[in-house]
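*Asks:* For the sequence shown, this note's numbering begins at 74 and goes up steadily by one.
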Amino acid sequence: MKFPIAYSLEQIASIIQSEFVGDADFQVLGMNEIHVVESGDIVFVDHPKYYDKALKSKATTILINKKVDCPEGKALLISEDPFRDFNKLTAFFKPFKKTSHSISSTAKIGKDTVIQPNTFIGNEVVIGDNCRIHSNVSIYDHCVIGNNVTIHAGTVLGSDAFYYKNRPEGFDKLVSGGRVVIEDHVDIGALCTLDRGVTGDTRVKKGTKIDNQVHVGHDTVIGEKCLIASQTGIAGCVIIEDEVTLWGQVGVISAITIGKKAVVLAQSGVSKSLEGNAVYFGSPAEEAREKMKQMAWIKQIPNIIKK
Numbered sequence: 074m075k076f077p078i079a080y081s082l083e084q085i086a087s088i089i090q091s092e093f094v095g096d097a098d099f100q101v102l103g104m105n106e107i108h109v110v111e112s113g114d115i116v117f118v119d120h121p122k123y124y125d126k127a128l129k130s131k132a133t134t135i136l137i138n139k140k141v142d143c144p145e146g147k148a149l150l151i152s153e154d155p156f157r158d159f160n161k162l163t164a165f166f167k168p169f170k171k172t173s174h175s176i177s178s179t180a181k182i183g184k185d186t187v188i189q190p191n192t193f194i195g196n197e198v199v200i201g202d203n204c205r206i207h208s209n210v211s212i213y214d215h216c217v218i219g220n221n222v223t224i225h226a227g228t229v230l231g232s233d234a235f236y237y238k239n240r241p242e243g244f245d246k247l248v249s250g251g252r253v254v255i256e257d258h259v260d261i262g263a264l265c266t267l268d269r270g271v272t273g274d275t276r277v278k279k280g281t282k283i284d285n286q287v288h289v290g291h292d293t294v295i296g297e298k299c300l301i302a303s304q305t306g307i308a309g310c311v312i313i314e315d316e317v318t319l320w321g322q323v324g325v326i327s328a329i330t331i332g333k334k335a336v337v338l339a340q341s342g343v344s345k346s347l348e349g350n351a352v353y354f355g356s357p358a359e360e361a362r363e364k365m366k367q368m369a370w371i372k373q374i375p376n377i378i379k380k
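Have a look at this one:
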């Protein structure tokens, strides 16, 4: 998430009432999670296991719960609770804004786009030309949809990330301030859910086709000309490269990459990154022919025991 203007370190510290280490005029341009940070961004870290990763990341401002040596060219925000204060910043820069209309007055809708009845389109949504949005679709604030896109009934774009911190009093939600971005010539089936990024974008690239009842988690990027069949569940922060096929009921764990032109057969469970240009099957998913050989041997176990 990029801020509308550059803020100073001192201004950011005043929003969350924290100490800071660095020049008061040090520029802060945005905020992001560790996997998508860029120079100028704030990243938060609240566990010693990840201090080093955060301090060495591209982020130039680190929101941290311990006083440490500040890397050269960077700044620190010292907080008792970085998770809480990251939420404060998200709420400050991307506050929830209600609307009393089914199509917000701030939404921009392109030429020859058809919006069927009972569809909700939120604040600052952008929809391109020649799209068809069917009934009962919900498109949350700040989503971006390209040209020649079809979205079928009951689909939700921009719901919150499934991201919680376990506290003694219960689960504390990480506030979502990102977007869903749908590029040109994408089709999305009925009753799909695409969660928005926490601070970045959940993105579906040009020409991809998604079947009914598919879930796509926060900050996931699906490449060009992919095919995603029904009842597939994709967790957050996944990278699916171009021309990948995921058949029905595939489950994909978070923060992995599926390589270009990979095919994952139905009911497979993807628990680690997969190379491209191969066919996979099973749970955990492995090269399909090898997995089927293993299954054939397993069937022989009763006969082996009998002998």
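Virtual Cβ for every residue (Gly too), placed ideally from N, Cα, C.
Let me confirm a value: P155 is counted as buried when at least 16 other C-beta atoms fall within 10 Å, else exposed. Which label applies?
*Replies:* Buried.
*Asks:* Report the residue from G309, V109, F166 whose alpha carbon sits nearest the alpha carbon of I89.
*Replies:* Of the candidates G309, V109, F166, the one whose C-alpha sits nearest the C-alpha of I89 is F166.
*Asks:* Go to F354, then tell me how far its beta strand (DSSP E) extends in each direction, as first and last residue.
*Replies:* 352-354 is the extent of the beta strand (DSSP E) around F354.
*Asks:* Using CA coordinates, which residue listed in C204, G290, Y237 is at the minimum distance from K184?
*Replies:* Of the listed residues, the one whose Cα sits closest to K184 is C204.
*Asks:* Can you tell me the Cα-Cα spacing of L230 and K170, whole angstroms?
*Replies:* Approximately 17 angstroms between the Cα atoms of the pair.
*Asks:* For V254, I'd like the list of residues in its chain whose CB is within less than 6 angstroms of its CB, leaving aside the five on either flank, ordered along the chain.
*Replies:* Counting only Cβ-Cβ distances below 6 angstroms, and skipping sequence neighbours, we find V217, D274, R276.
*Asks:* Enumerate in chain order the residues of its own chain whose CB-to-CB distance from V294 is below 6 angstroms, with the five nearest sequence positions on each side excluded.
*Replies:* R276, I312, listed in sequence order.
*Asks:* In chain order, which alpha helix (DSSP H) runs of at least 4 residues are fully inside the segment 295-374?
*Replies:* Listed in chain order, they are 361-372.
*Asks:* Between the alpha carbons of D292 and S341, how many angstroms are there, rounded?
*Replies:* About 22 angstroms.
*Asks:* Using 8 angstroms as the cut-off, can you tell me whether the segment 125-141 makes contact with the segment 98-113, which would need three or more C-beta pairs spanning the two stretches below that distance?
*Replies:* The answer is yes - the segment 98-113 touches the segment 125-141, with three or more Cβ pairs under 8 angstroms.
*Asks:* Please go through the same chain and pick out, in chain order, the residues whose beta-carbon is closer than 6 angstroms to the beta-carbon of K246, but skip the five residues on each side of it.
*Replies:* Here the set comprises Y237.
*Asks:* Are three or more beta carbon pairs between the segment 252-267 and the segment 316-331 nearer than 8 angstroms?
*Replies:* No contact exists between the segment 252-267 and the segment 316-331.
*Asks:* Flag this pair as yes or no: are the beta carbons of I212 and T186 separated by less than 9 angstroms?
*Replies:* No, these two residues do not count as a Cβ contact at 9 angstroms.
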